[in-house]
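Asker: The numbering of the first sequence is this note's numbering, which starts it at 4 and goes up by one.
Yeah, the Cβ is synthetic: ideal placement off N, Cα and C, and Gly gets one too.
Take this structure first; my questions come after.
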Amino acid sequence: MEEVLALVERIPEGKVMSYGAIADALADRSGRNSARQVGTIMARHGGGVPWHRVVNSAGRMPPGHEQEARQRLLADGVPLKGDRVDIARAHWMP
DNA sequence: GCCCTGACAGCAT
DNA sequence: TATGCTGCCAGGG
């Protein structure tokens, strides 16, 4: 779990990572799914890291925090596609 | 141990 | 891209 948060902290400005990518980067993959666990972890302990740099594969941000995330991403210079993140250009892999 | 739920992903439509 | 369905897995009741 710490590793997830640690990795999120390493995400550079203007870049983002998808839940799946994080799970994958940490080899948390148990088939294809730790993405869910990553999401859960972020939901409960993401309050100390740049959580707005973590989005799902569609570039969508977490329910209830869209606005906030949008602002921060904008401030970070992340390429946005309307209300979503332009994954193609903002996706980052360690 | 069973069932439901969820900041998810991949594939088909 | 939107919607629907199916895997997959940890947590909680």
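Can you confirm whether the region 54 to 61 touches the region 71 to 85 when touching is taken to mean that 3 or more C-beta pairs between the two stretches lie within less than 8 Å?
Answerer: Yes, since at least three Cβ pairs between the region 71 to 85 and the region 54 to 61 fall closer than 8 Å, the two stretches touch.
Asker: Can you grab the Cα-Cα spacing for the pair Pro82 / Ile14, in whole Å?
Answerer: Taking the straight line from one Cα to the other gives about 15 Å.
Asker: Quick one: using the 10 Å Cβ neighbour count with 16 as the cut-off for buried, is Met4 buried or exposed?
Answerer: Exposed: under 16 other Cβ atoms inside 10 Å.
Asker: From Arg63 to Trp95, what distance separates their C-alpha atoms?
Answerer: C-alpha separation (whole angstroms): 15 Å.
Asker: Let me confirm a value: Ser21 is counted as buried when at least 16 other C-beta atoms fall within 10 Å, else exposed. Which label applies?
Answerer: So Ser21 counts as buried.
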